[in-house]
Structure formats: structure tokens, C-alpha cells
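Some notes on the structure that comes next.
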Amino acid sequence: MLAAEQAVFNTGTDRFTLMQRAGEAVAEFVHAHWPDGQIQVLCGPGGNGGDGFIAAAALAKLWRKVEVYSVLPVSELTGDTAKAASAWEGPVHKLEDALKSQPELIVDALYGAGLTRPLEGAAAELAQRGGRVISVDVPSGIDGYTGKPLGPAFQAEATLTFAALRPAHVLLPGSAFSGVVMVADIGVPVKTALAENSPALWHSQMPQPGFGVHKYQRGHLKVVSGGPWNTGAARLTAKAGLRAGAGLVTMLSPPDAAGVHAAHLTAIMLAPFVTPDDLAAYAARSTAMVIGPAAGVTDATRANVEAILKGPARVVLDADALTAFGEDPEVLFKQLRPTDILTPHEGEFSRLFGDLLATSDNKVQATRAAAAKAGCVILLKGADTVIAQPDGNALVNTHATRWLATAGSGDVLAGIIAGFMAQGVDTFVAAAIGCWLHGEAGRRVGAGLIAEDIEMQLPVILSALHGELG
Ligand SMILES: NC(=O)C1=CN([C@@H]2O[C@H](COP(=O)(O)OP(=O)(O)OC[C@H]3O[C@@H](n4cnc5c(N)ncnc54)[C@H](OP(=O)(O)O)[C@@H]3O)[C@@H](O)[C@H]2O)[C@@H](O)CC1
Ligand SMILES: [K+]
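In our numbering, each number is its position in the sequence shown, counted from 1, plus 368.
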């Protein structure tokens with residue numbers, strides 16, 4: 369973002385022009401979505417406050433009743449912020465006076481990208497006052513880069529940011545403070561490597577079975593099962609993969625668990641394996657594989673993973689397949705290919721990558737660093753799931769629901785992703801599609817959701833995405 373801004377300055381666009389565009393975008397946004405009510409505009413001492421002064425002037429021109437409150441007296445403002453303040457012709461009140469009345473709308477233009485310390489005094493009290501807040505760039509009090517509150521922070525109903533999303537808009541807890549986030553184009557050509565997951569990103573890459581296609585052309589997914597007392601997880605994975613569109617799905621089962629599977633499986637095929645060599649042979653004839661759900665944290669699982677990774681199939685490694693390498697993750701990293709994917713939750717992530725999450729600036733940076741280290745795609749699960757690939761490309765999925773935090777939910781996610789990989793979809797894209805579908809299915813079921821419900825939602829969601837619902 370900063371490099372992009374510099375590029376615009378280099379073309380002769382000065383920062384004040386960008387501030388004007390930003391402030392006017394705020395005014396348009398506020399007026400379009402909250403067309404009634406008097407407005408308190410709270411202005412800070414820097415660029416964020418400058419946007420606020422421009423917005424106040426533009427809102428007044430739209431006949432809105434506006435009052436402006438400033439951290440500093442106008443005489444003490446400098447640079448572009450002083451220039452912006454001169455656009456506002458009405459009185460400028462002291463910030464603490466804003467506490468004397470409760471307006472219908474509050475435009476929070478106190479601090480944005482330049483927040484360096486916790487809010488104090490009147491700013492802190494205003495953050496805690498409540499009310500309908502529209503924040504400029506980032507809710508004041510939230511660090512835009514880490515997404516963490518430094519102290520009291522404004523709880524916005526909506527946030528208007530400029531040029532590109534910042535981590536705080538998509539990562540918890542910042543995303544919860546931001547409300548609905550909109551990005552205004554202010555003429556900064558951003559080539560951001562951070563996006564929020566949505567069908568717009570990958571809709572055109574969804575596999576479309578052509579007319580006359582047969583199942584062998586839609587990919588063959590194989591899922592490795594755990595032992596006789598641990599078969600359910602792999603079945604959740606396999607069924608989800610089949611729903612996601614893999615032409616064939618085979619459950620690879622230890623012989624003593626085959627009877628359990630046989631009693632449950634219908635469209636999914638069943639085949640036995642005993643040794644890692646057996647799995648290597650299966651891997652040679654499949655397009656994608658999943659290993660991990662209830663596989664067991666054992667040396668055998670490690671050997672099985674290593675055998676599969678020697679073959680041509682792209683691999684989803686989840687759950688026990690990750691923990692099994694917890695004592696020696698480098699061994700695993702050496703064998704992974706850029707087209708494989710690890711899908712850890714935070715516990716599994718820390719087993720493989722130590723304190724990377726705690727020591728990184730934010731979850732996106734941690735996941736990027738992990739992807740670079742492991743040399744494959746990483747999907748770090750959570751309410752704000754992050755997907756990153758080794759080159760740094762990353763996205764955050766906020767399309768989810770708390771009801772998805774339930775047993776087996778992750779096994780289903782692994783299966784959906786693998787189902788798309790089996791059909792030839794790029795691994796990063798498959799992860800994005802899988803994560804969004806998983807979230808959408810969870811939202812449709814809501815309270816009471818169990819893992820089995822997720823794949824049952826997929827036909828109607830997929831048909832809608834393919835435009836096949838009347
Ligand atoms: N870059 C661009 O091209 C564009 C940027 N734009 C806008 O500019 C914003 C960034 O502007 P900015 O860099 O001036 O930072 P901003 O957030 O206004 O605050 C800095 C001031 O606040 C102070 N301060 C910090 N924390 C504090 C605290 N807790 N309590 C009290 N004071 C505190 C800090 O003081 P210091 O820490 O130096 O003592 C400094 O004086 C950005 O978010 C966007 O809205 C748009 O116009 C479009 C073009
Ligand atoms: K702000």
C-alpha cells in the first residue's frame with residue numbers, strides 16, 4: 369500500500385489530492401447509506417483528521433447538519449490537515465465537547481494508519497460512548513496492521529477505507545470493530561496481496577463438467593482412513609469430496625476397518641491398504657488425496673504421508689497427519705510440494721511452526737511465513753481463516769459462522785478442498801472455494817449444525833453458483 373501511494377505521488381498526484389478524494393468518498397458513503405440525522409465529525413491531528421474535515425465540508429454542502437470536533441485547535445494543525453481544515457467553514461469545537469450531546473451519527477476521523485498508542489482522555493471516552501459510528505479508514509483505537517486494539521476503540525457500524533483492505537478489516541478482533549467495510553477507489557493503483565474470500569475471486573475457475581463428460585474426467589480422490597474405531601472422520605471427508613464434484617472417491621482403509629466402512633459407504637468405493645507401499649501405489653493412480661482425519665498420531669501415519677508425497681497426486685494434509693510430524697516438522701517440509709496443502713487449526717499450527725503466530729504482526733503474516741517455510745499452501749483455520757501460498761499471496765475468509773466450530777467440521781473442509789483439487793483446480797483456489805462453501809453451508813444450517821449437515825447443503829449452493837437454480 370505504501371509503495372502504491374509512493375507510485376501515485378511519483379506521477380505528480382499530491383497527498384492533499386488523495387486526502388480530498390478520501391474525504392469526499394467518506395461524505396458520499398455516509399450520505400448514501402445514512403441519509404438522515406445530524407452528524408458529529410471527530411477529527412484527529414493527522415491525515416485521518418484531514419479526511420474528516422473534507423468530509424464535513426462535503427456533507428454540509430449536501431445540506432446535512434454537521435458539527436466538527438477536533439483534537440487540536442485549528443491554529444495548531446499543520447500541513448495537509450491544516451489545508452483540509454480550511455475547507456470547513458463552520459465552527460470547530462474542542463473534542464471533549466462532543467461528549468455533551470448524543471448525535472444520530474458519528475464520523476470517526478480521529479486516527480487511522482498513524483495510530484501509535486492507546487486512545488486517552490476524550491478520545492477514549494468517545495470510543496466507549498457507543499452510538500452509530502462510521503469510521504474513516506480504521507476504527508480509531510485499532511492498529512490497522514495487526515488488527516488489535518491498543519486500548520479503547522470505536523465500535524463502528526461501518527468503515528470506509530481507501531484503495532485496499534488492511535489486515536484489521538478482515539482479521540479478528542479488528543474485523544469485529546470495523547463493521548461493514550467498504551473500499552473507496554481514490555486513484556491509488558494497488559496491487560495488494562491480501563484479499564477477502566468471495567466467489568468473485570474464483571467463480572470463473574469453478575470446474576464445469578462439459579456435455580458428455582464421464583466420471584473419470586472429473587478426477588479421482590482417495591481418502592486414507594484411520595483404524596476400526598476411528599472411521600467416521602475419513603467418511604465425512606470422502607463424502608464432502610464427492611459432493612464437491614470429484615468423479616470418483618475411494619476410501620483407503622486398513623483391512624480391520626473395512627467392515628465398518630462397508631456398512632456405511634455407497635457411492636464411495638472401498639479398498640484396503642496395509643503398508644505405505646500400498647498407499648504409494650494408490651497415490652500413483654489418483655489426482656488428489658487426503659490423509660490425516662483420525663489417522664492416528666503414529667509412526668505409521670508418518671510413513672504413510674511420506675509414501676503418498678512421493679506420488680503425483682496433490683495432497684491435503686490435515687489433523688493427525690500434521691501432529692505426527694510435530695517433533696520434526698522439517699522432515700515434512702522437505703517433502704512437500706507447492707501444490708500440496710496443510711490445513712491446521714491453531715494448535716496444529718503451533719506444533720509445526722512453533723510460536724510463529726504469537727511472534728508475527730498478524731495472522732496473515734504468520735500464515736505467509738508458514739507457507740514459505742513449508743513450501744506449500746497453508747490454510748490456518750479459525751473464525752478468520754487465512755489461506756496463503758509460498759509467494760505471499762493470501763486471503764482471509766470471514767464468510768463463516770460460529771456454529772461451524774463442531775466435531776468433524778474440519779474433516780468436511782478438507783474433503784471439499786480435495787474434491788476441487790481432484791478436479792484439477794489450483795490448490796490455493798480450491799482452498800478458497802472450499803472455505804467459502806463450508807462457511808456458506810454453515811450459515812445456511814445455523815444453530816444445531818453437525819458436521820454431516822455441511823455436505824448436504826452443497827448441491828443447492830453449488831447449483832446456485834453454477835446458475836442452475838430456477
Ligand atoms: N497516506 C495517504 O496517502 C493517504 C492517507 N489518508 C488518511 O491519512 C491517514 C493517515 O494519516 P497519518 O499518517 O497522519 O496518521 P493518523 O492516523 O491521522 O494519526 C497520526 C497523528 O495522530 C497522532 N497519534 C497517534 N496515535 C495517537 C493517540 N492514541 N493519541 C493521540 N495522538 C495520536 C500522531 O502523533 P504522534 O504519534 O506522532 O505523536 C500523529 O500526529 C489514513 O488513515 C487515512 O485516513 C487519506 O487522506 C488518503 C491518502
Ligand atoms: K478512524
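Backbone N, C-alpha and C define an ideal beta-carbon position, used for all residues, glycine too.
Figure out for me which residue from the options has the closest Cα to the Cα of residue i.
i    : options                : result
S718 : P706, A800, A738, V699 : A738
A602 : V394, V673, I474, D779 : D779
V793 : A477, A625, Q576, Q408 : Q576
L781 : A687, V556, R485       : A687
L518 : A491, A544, L487, A450 : L487
A606 : G810, G776, L817       : G776
G587 : H629, R653, A544, D821 : R653
R682 : G750, E493, G783       : G783
F693 : T669, V684, D729       : T669
I636 : A649, P644, T618       : T618
H582 : E836, L528, Q791, G807 : Q791
P680 : D696, L700, R534, A648 : A648
P403 : G391, W431, G807       : W431
G555 : I407, K516, F788, L386 : L386
A756 : A425, Q733, V558, T529 : Q733
N416 : A426, V394, I818, A400 : V394
F788 : N672, T727, T707       : T707
P758 : L427, V409, I746       : I746
L546 : G578, V501, T484, T753 : For the sequence presented, residue 546 should be read as Ser rather than Leu. For S546, the nearest C-alpha among the options comes from V501.
E695 : G722, G835, V551, A490 : G722
G512 : L833, G498, A651, G482 : G482
A800 : M824, K451, H571       : H571
Please report how far the alpha carbon of residue i lies from the alpha carbon of residue j, in whole angstroms.
i    : j    : result
L445 : L704 : 55 Å
A614 : V504 : 45 Å
P471 : A762 : 39 Å
L690 : L724 : 16 Å
K678 : L610 : 24 Å
L720 : M657 : 21 Å
K429 : G715 : 54 Å
G480 : W804 : 30 Å
I469 : N765 : With the sequence shown as reference, residue 469 is identified as Ser, and Ile is not the correct amino acid for it. About 39 Å.
D476 : E525 : 11 Å
T667 : C744 : According to the sequence provided, residue 667 is Asp. The question's Thr does not apply to it. So the alpha carbons of these two residues sit roughly 22 Å apart.
A544 : Q523 : 8 Å
F421 : H461 : 12 Å
V506 : N730 : 16 Å
P640 : P596 : 12 Å
A662 : E820 : 16 Å
K749 : D553 : 31 Å
G807 : T769 : 6 Å
M499 : D465 : The sequence shown places Gly at residue 499, not Met. Those two C-alpha atoms are separated by around 16 Å.
M550 : L427 : 18 Å
A490 : A450 : 21 Å
Between residue i and residue j, which are expected to be in contact by the criterion C-beta below 8 Å, what is the C-beta distance as a whole number of angstroms?
i    : j    : result
A815 : W771 : 6 Å
L620 : V591 : 7 Å
E564 : V538 : 5 Å
D448 : R389 : Not quite, the Cβ-Cβ distance comes to about 12 Å (not below 8 Å), so this is no contact.
A495 : A532 : With 8 Å as the limit, A495 and A532 do not qualify as a contact, their Cβ atoms being about 25 Å apart.
V684 : I785 : 6 Å
G594 : G664 : 6 Å
L467 : E493 : 6 Å
Over the uninterrupted alpha helix (DSSP H) stretch that includes residue i, give me the two end residues.
i    : result
P827 : 819-833
V394 : 383-401
S777 : 777-790
I676 : 667-677
N565 : That residue, N565, is in no alpha helix (DSSP H); it is neither H nor E in DSSP.
H537 : 535-538
N416 : 415-429
K590 : Taken as a continuous stretch (DSSP letters only), K590 belongs to no alpha helix (DSSP H), being part of the beta strand (DSSP E) at 588-592.
L724 : 724-727
L690 : 688-691
T707 : Here T707 belongs to no alpha helix (DSSP H), and DSSP marks it neither H nor E.
Since residue i is in the beta strand (DSSP E), which residue starts that stretch and which ends it?
i    : result
S503 : 501-504
I755 : 753-756
R719 : Run containing R719: none in the beta strand (DSSP E); it sits in the alpha helix (DSSP H), 714-721.
V551 : 548-552
I474 : 473-477
V617 : 616-621
Q733 : Note, Q733: premise wrong, no beta strand (DSSP E); alpha helix (DSSP H) at 731-742.
G435 : A small fix is needed here, since residue 435 is Glu in this sequence, not Gly. It spans 434-438 - the beta strand (DSSP E) in which E435 sits, taken as one unbroken run.
H461 : 460-462
L763 : 762-765
Indicate whether at least one CB of chain C lies closer than 9 Å to the CB of residue i.
i    : result
A751 : Looking at the structure shown, chain C is missing, and only one protein chain is on hand.
Shorter than 8 Å, the distance from the beta carbon of residue i to the closest heavy atom of ligand 3, or not?
i    : result
G542 : In terms of ligand content, the structure shown lacks ligand 3 and carries ligand 1 and ligand 2 instead.
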